[in-house]
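Number 32 in my numbering belongs to position 31 of the sequence shown; there are no gaps in the numbering.
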Amino acid sequence: MTGTDFLLLSPQIALAALGLAMIGLDFVLPVAWRRHVAYVGAAGMLVPILLQIAIARNRQTAFFDTIVVDDLATLVSVLLMVCGALVMLLSSDFIARRSQFPGEFAALVAFATLGFTIMASGRELLTLYIGLETGSISLYILAGYLKNDVESSEAGIKYALLGAMASAILLYGIALLYGSTGSTPLATIAEKLSKVLWR
2 MTGTDFLLLS
12 PQIALAALGL
22 AMIGLDFVLP
32 VAWRRHVAYV
42 GAAGMLVPIL
52 LQIAIARNRQ
62 TAFFDTIVVD
72 DLATLVSVLL
82 MVCGALVMLL
92 SSDFIARRSQ
102 FPGEFAALVA
112 FATLGFTIMA
122 SGRELLTLYI
132 GLETGSISLY
142 ILAGYLKNDV
152 ESSEAGIKYA
162 LLGAMASAIL
172 LYGIALLYGS
182 TGSTPLATIA
192 EKLSKVLWR
């Protein structure tokens with residue numbers, strides 16, 4: 002691992018830092034100011050967006066070719082970050098009314114965005130899976146975010162059960178692919194499968 006690897010992952014590092022900062026603000030700010038945490042989070046999304054655009058000049062790979070930064074990954078990542086900022090803005094009043102700690106909500110949105118941007122940049126199956134699970138677990142918690150609401154808790158449990166089943170099926174498929182090809186990089190899998198299918 003080199004400094005370039007961490008530079009290419011700087012948008013994701015910024016998203017993780019943003020999520021942790023949102024949690025910290027819930028403990029630091031007075032109750033009357035906490036309703037504005039979502040606006041701070043939405044503004045903070047500008048940092049990873051700008052970092053993503055700044056590193057996207059040339060196609061580059063990082064962490065032993067498990068992460069790629071190219072035009073498609075940049076486009077999807079920026080769209081995800083913009084959507085994350087919009088979710089924070091549009092739900093800020095509702096969350097401020099229903100939750101004592103609105104920073105948790107903004108943090109979960111940031112962590113979900115982090116997971117899906119990792120997935121957008123992934124070049125191999127395990128990276129894709131880690132990104133998917135990071136984003137999905139955040140969404141499970143968001144579905145059951147309103148702790149005193151029975152319907153919200155029910156939604157969270159049902160979503161988590163459905164996600165666990167889907168994750169198990171996905172892992173089974175990944176195991177089959179790895180057993181057939183002996184590798185996890187997507188390019189290598191495509192090359193080996195094409196030889197098997199077209200020989």
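Every residue, glycine too, gets a C-beta built ideally from N, C-alpha and C.
Going by alpha carbons, who is nearest to residue i out of the options?
| i | options | result |
| --- | --- | --- |
| G145 | A63, T75, E105 | E105 |
| F64 | S139, S181, L9 | L9 |
| R36 | A17, S100, F112, T3 | S100 |
| T75 | L16, L52, D66, E155 | L52 |
| M166 | L126, Q13, S137, R98 | S137 |
| S139 | V110, T118, N149 | V110 |
| V38 | S11, F102, Y179 | F102 |
| G164 | T135, A15, G183 | T135 |
Is it right to say residue i is buried, meaning 16 or more other beta carbons lie within 10 angstroms of its own, or is it exposed?
| i | result |
| --- | --- |
| L129 | buried |
| D27 | buried |
| V79 | buried |
| M89 | buried |
| L19 | buried |
| S122 | buried |
| I170 | exposed |
| F7 | exposed |
| G116 | buried |
| E125 | buried |
| T1 | Residue 1 lies beyond the range of the chain shown here (2 to 200); nothing can be said about it. |
| V197 | exposed |
| L127 | exposed |
| G25 | exposed |
| G42 | buried |
What's the C-alpha gap between residue i and residue j?
| i | j | result |
| --- | --- | --- |
| A108 | A55 | 24 Å |
| Q61 | A176 | 28 Å |
| K159 | L172 | 20 Å |
| E152 | L133 | 25 Å |
| T189 | T5 | 24 Å |
| A33 | S168 | 40 Å |
| G22 | V29 | The sequence given here places Ala at residue 22; Gly does not occur at that position. Approximately 10 Å, taken between the alpha carbons. |
| P186 | V70 | 15 Å |
| T67 | G174 | 19 Å |
| D94 | L73 | 34 Å |
| L162 | S195 | 35 Å |
| L87 | S181 | 42 Å |
| N59 | V77 | 16 Å |
| S154 | Y141 | 10 Å |
| Q147 | A156 | Here residue 147 is Leu; the residue named in the question, Gln, does not match the sequence. Their Cα atoms are separated by approximately 10 Å. |
| L91 | A44 | 13 Å |
| F112 | E192 | 33 Å |
| T118 | I96 | 24 Å |
| A57 | T114 | 18 Å |
| N149 | Y179 | 44 Å |
| A17 | S11 | 10 Å |
| Y40 | Q13 | 20 Å |
For the putative contact between residue i and residue j, defined by C-beta atoms under 8 Å, what is the C-beta separation to the nearest angstrom?
| i | j | result |
| --- | --- | --- |
| M82 | P49 | 6 Å |
| M120 | G85 | Actually they are not in contact, since the Cβ atoms of M120 and G85 sit about 14 Å apart, beyond 8 Å. |
- [ ] Pick out the complete alpha helix (DSSP H) segments inside the stretch 75-158, 4 residues or longer, and give them in chain order.
- [x] 103-122, 126-144
Open item on the list: What ranges does the alpha helix (DSSP H) occupy inside the stretch 4-78, keeping only unbroken runs of at least 4 residues that lie completely in it?
Closed with: 4-9, 11-29, 38-45, 47-55
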